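Sequential numbering of the sequence shown, starting at 0, is according to numbering that gives the first Met the number 0.
Here a beta-carbon is modelled for each residue, glycine too, at the ideal position from N, C-alpha and C.
The structure presented is a predicted model; accordingly, all values stated were derived computationally and were not measured.
What follows is a set of notes on a single structure, which appears directly below.
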Amino acid sequence: MGILLSMMPWCACLRTGKNREILVEMHGNNGSMDGDPPAAMRYTEARLSEIAGYLLQDIDKKTVPWAWNFDDTEKEPTVLPAAFPNLLVNGATGISAGYATDIPPHNLAEVIDAVVYMIDHPSAKLDKLMEFLPGPDFPTGAIIQGKDEIRKAYETGKGRVVVRSRTEMEQLKGGKEQIIVTEIPYDVNKAVLVKKIDDVRVNNKVPGIAEVRDESDRTGLRIAIELKKDADSQTILNYLLKYTDLQVNYNFNMVAIDHFTPRQVGLQKILSSYIAHRREIIIARSKFDKEKAEKRLHIVEGLIRVISILDEVIALIRASENKADAKENLKVSYEFSEEQAEAIVTLQLYRLTNTDVVVLQEEEKELRDKIATLAAVIGDERTMYNLMKKELREVKKQFGNDRRSELQDVAKTIEIDTASLIVEEDTYVSVTRGGYLKRTSPRSYSASTVEELGKRDDDELIFHQLAKTTQHLLIFTNQGNVIYRPIHELTDIRWKDIGEHLSQTISNLAQDEEVLYAEIRDDFEGTTYFAATKFGQIKRLSVTELSPWRTYKSKSVKYAKLKDEQDAVIAITPILLDDVLLVTHNGYALRFSIEEVPVVGAKAAGVKAINLKDGDVLQAAFVANTTSFFILTQRGSLKRLAVSEIPQAKRAGRGLQVLRELKSKPHRVFLAGPVFSESGGGELDLFATEAESTDQQILVVTSTTGQVTEKNLADLSLSERTSNGSFVNDSISEQEVFSARINQ
Numbered sequence: 000m001g002i003l004l005s006m007m008p009w010c011a012c013l014r015t016g017k018n019r020e021i022l023v024e025m026h027g028n029n030g031s032m033d034g035d036p037p038a039a040m041r042y043t044e045a046r047l048s049e050i051a052g053y054l055l056q057d058i059d060k061k062t063v064p065w066a067w068n069f070d071d072t073e074k075e076p077t078v079l080p081a082a083f084p085n086l087l088v089n090g091a092t093g094i095s096a097g098y099a100t101d102i103p104p105h106n107l108a109e110v111i112d113a114v115v116y117m118i119d120h121p122s123a124k125l126d127k128l129m130e131f132l133p134g135p136d137f138p139t140g141a142i143i144q145g146k147d148e149i150r151k152a153y154e155t156g157k158g159r160v161v162v163r164s165r166t167e168m169e170q171l172k173g174g175k176e177q178i179i180v181t182e183i184p185y186d187v188n189k190a191v192l193v194k195k196i197d198d199v200r201v202n203n204k205v206p207g208i209a210e211v212r213d214e215s216d217r218t219g220l221r222i223a224i225e226l227k228k229d230a231d232s233q234t235i236l237n238y239l240l241k242y243t244d245l246q247v248n249y250n251f252n253m254v255a256i257d258h259f260t261p262r263q264v265g266l267q268k269i270l271s272s273y274i275a276h277r278r279e280i281i282i283a284r285s286k287f288d289k290e291k292a293e294k295r296l297h298i299v300e301g302l303i304r305v306i307s308i309l310d311e312v313i314a315l316i317r318a319s320e321n322k323a324d325a326k327e328n329l330k331v332s333y334e335f336s337e338e339q340a341e342a343i344v345t346l347q348l349y350r351l352t353n354t355d356v357v358v359l360q361e362e363e364k365e366l367r368d369k370i371a372t373l374a375a376v377i378g379d380e381r382t383m384y385n386l387m388k389k390e391l392r393e394v395k396k397q398f399g400n401d402r403r404s405e406l407q408d409v410a411k412t413i414e415i416d417t418a419s420l421i422v423e424e425d426t427y428v429s430v431t432r433g434g435y436l437k438r439t440s441p442r443s444y445s446a447s448t449v450e451e452l453g454k455r456d457d458d459e460l461i462f463h464q465l466a467k468t469t470q471h472l473l474i475f476t477n478q479g480n481v482i483y484r485p486i487h488e489l490t491d492i493r494w495k496d497i498g499e500h501l502s503q504t505i506s507n508l509a510q511d512e513e514v515l516y517a518e519i520r521d522d523f524e525g526t527t528y529f530a531a532t533k534f535g536q537i538k539r540l541s542v543t544e545l546s547p548w549r550t551y552k553s554k555s556v557k558y559a560k561l562k563d564e565q566d567a568v569i570a571i572t573p574i575l576l577d578d579v580l581l582v583t584h585n586g587y588a589l590r591f592s593i594e595e596v597p598v599v600g601a602k603a604a605g606v607k608a609i610n611l612k613d614g615d616v617l618q619a620a621f622v623a624n625t626t627s628f629f630i631l632t633q634r635g636s637l638k639r640l641a642v643s644e645i646p647q648a649k650r651a652g653r654g655l656q657v658l659r660e661l662k663s664k665p666h667r668v669f670l671a672g673p674v675f676s677e678s679g680g681g682e683l684d685l686f687a688t689e690a691e692s693t694d695q696q697i698l699v700v701t702s703t704t705g706q707v708t709e710k711n712l713a714d715l716s717l718s719e720r721t722s723n724g725s726f727v728n729d730s731i732s733e734q735e736v737f738s739a740r741i742n743q
């Protein structure tokens, strides 16, 4: 048969609350749209609704094929006669034989109008059919957006529309408002939806929601979202539409069985297949009724003839030995057929009156008319299709109702001012060199000391600062990657806990990648950075290159291109029109104006910063906007040097020696950097934190044997350029430096 069937068995569609037209009427608890299960069957009763009878109409007239059921105990129909297109009216959802289907429900009257039009116009275009059937009509109402997607689904069988709850604003006393939801999307669990909305309130994901109430009763659905005074109702509504099931996407996947094969079908195919199916049903039914009428006419003709020869027939029957002999005598003497003879011998005597003759004659006339009509239906297509349209219109007249879902041509884009959703709060942000970050409440921070920060033993804190949840965090690594995080999205963790590692969210970080620099920003305008690499490359880039990216939650992006796998960024920091000072591992220093370095894009490698000797690498690079800087060697020698000792030169030069070369155990630069000190006469760094601008800049040196020495850099005297400085302690020269850091 060339008919279309749902992928699910037809009986699976008899789900009250899922159907546009109810097929099973329940007495008792049949569950609810809150997901409550129905009562046990012993407490409930069910019967087919009146419209369900039209699906079964004429099933006893050999109209549909029958097959054995699962255990071969009885036969069941493989399809139903279906006096209306139930596949479209009630839709279908499910999975069978490895195929899934999602056919939405539609309005009965609209579907029938489309079928009637296609009967008259078999080659009807889709756009014309959509004038009668413009889109789905869900039993729960709501608003369906996206005319183009509906057309695509009706054409190809696949498409996606937006289904939005019907809402309205209601004024309350005291200048407050509440959002009232009266219709929700199809197949959304109301109780779960209310809980999700309340979770938004509890977690303060959007400010301004005071209370969420489910006020639904037997008169209809009603969810009240009460707002606080002066709350931005439209922003709240937009947020709920975007992040809860107040708005969902419905995906058409109109798969049905056509000629025993699952196919993805469009509206024209469904309608034409239904018309072909009904044609077969009507013709099979008409043949059955015609055959039955012809049999009855044959009997009536015999009875009318009997009455005209009543006396002879009675005499013949009386002379017969039994019923079988009487039937045989009637067949031989008067040429009655077997069926007529049977009817005559079983005829009751009171029927043999003049009145009954008239009744039989009228019945004969009716039967002949009926047979002629049925013959016309069977033999003439036009007559058959007129009958089909008549029956469809009768169903529409009896069961048609108004559309519940509103159709809108365009799916409206939900625009949310993200900043307005963030509750501005104070928080402390910390980042370690190993890549652990977190934000901590002021209460947790105040209950601890900085040294009590939760971290691994081999890790160190490189950044911590008081921030607002409305600000942004940029994290720069030594592999030229930058990670962006809105402060409010950082996990709120106690100060003494270790925090969240970047690798938990960022997928493209190297295993040995370290954090060089981090900063808090209000926006992405106005600042220029410089970055220098170990192999002597330098670049400038604008902060506008580092504005938030769509993939920021899963990937970092490049701020500096490294030409060699062994190269690494050693410094990245904001800079104005200052000088930059470079110090190499072998003890050469070069100072030049940053204006010599062009501003380039984030993916550029930059230009040559210093002319390195073979085997030498750049050890430190920093802004020379202080009066002095320090150098720590691997042997533990420390000195403070005036920036003026390194006169301004041109970029890409060799620089001047800042360590005296020794033949035995020469000094090599381990760490170098600016000294921020008012006592030394230096200027304050414009980008330094409050802690950095004090004279408490403590250098902590740890030897290879674990001996720790602390030096206040502001207390160091200025040394000559070619001196090797003084050892931080008496034994450090033999032990050498294992690690060094600055505590501020």
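Contact check for residue 420 against residue 205 passes: the beta carbons are separated by less than 7 angstroms. In this structure, DSSP gives residue 554 a state outside helix and strand, which the three-state scheme calls coil. The three-state secondary structure of residue 80, taken from DSSP, is coil.
The DSSP-derived three-state label of residue 384 is helix.
For residue 276, the number of other beta carbons within 10 angstroms of its own is at least 16, and it is reported as buried.
Using a C-beta cut-off of 8 angstroms, the stretch 46–61 makes contact with the stretch 19–27, since at least three inter-stretch Cβ pairs fall below that distance.
Restricting attention to 305, 287 and 184, the CA atom closest to the CA of residue 245 is found in 184. When DSSP states are grouped into helix, strand and coil, residue 737 belongs to the strand group. Under DSSP, residue 25 forms a beta bridge with 45. A straight-line Cα-Cα distance of about 34 angstroms links residue 471 and residue 631. Ranked by Cα distance from residue 579, the first of 625, 534, 434 and 239 is 625. Of the candidates 201, 136 and 227, the residue whose Cα lies closest to the Cα of residue 172 is 227. Rounded to the nearest angstrom, the Cβ distance from residue 289 to residue 377 is 7 angstroms, consistent with a contact under 8 angstroms.
Across the structure, residue 564 and residue 479 are spaced so that their CA atoms are roughly 12 angstroms apart. No residue range can be given for residue 185, since it is assigned to no beta strand (DSSP E) and is classified by DSSP as neither H nor E. The alpha carbon of residue 208 has as its nearest neighbour, out of 556, 40 and 177, the alpha carbon of 177. Burial check for residue 494: the Cβ neighbour count within 10 Å reaches 16 or more, so the residue is buried.
According to DSSP, residue 213 shares a beta bridge with 222. For residue 529, the number of other beta carbons within 10 angstroms of its own is at least 16, and it is reported as buried. Remark: C-beta atoms of residue 90 and residue 103 approach each other more closely than 7 angstroms. Residues of the same chain with a CB within less than 8 angstroms of the CB of residue 651, apart from the 5 flanking positions on each side, are 606, 607, 608, 609 and 610 in chain order.
Look at residue 39 here: in three-state DSSP terms it is coil, with no helix or strand label. When C-beta atoms of the stretch 394–407 are compared with those of the stretch 133–148, three or more pairs fall below 8 angstroms, so the two segments count as touching. When DSSP states are grouped into helix, strand and coil, residue 165 belongs to the strand group. Excluding the 5 residues flanking it on each side, residue 726 has same chain C-beta neighbours closer than 7 angstroms at 635, 636 and 732, in chain order. Straight across, the Cα-Cα distance linking residue 341 with residue 366 is about 20 angstroms.
A residue is called buried when at least 16 other Cβ atoms come within 10 angstroms of its Cβ; residue 410 meets this threshold and is buried. Considering only 52, 457 and 452, the residue with the shortest C-alpha distance to residue 701 is 457.
Secondary structure note for residue 477: it is in no beta strand (DSSP E), with a DSSP letter that is neither H nor E. Beta-bridge annotation (DSSP): residue 65 is paired with 76. Approximately 6 angstroms separates the beta-carbon atoms of residue 698 and residue 712; this is inside 8 angstroms, confirming the contact. The three-state secondary structure of residue 304, taken from DSSP, is helix.
Below 8 angstroms, too few C-beta pairs join the stretch 105–122 and the stretch 150–165 to call them touching: fewer than three. It is roughly 28 angstroms from the alpha-carbon of residue 505 to the alpha-carbon of residue 618. The DSSP assignment places 587–592, 617–622, 627–632 and 636–641 as complete runs of the beta strand (DSSP E) inside the stretch 586–659, in order along the chain (cut-off: 3 residues). Assigned with DSSP and collapsed to three states, residue 707 falls in strand.
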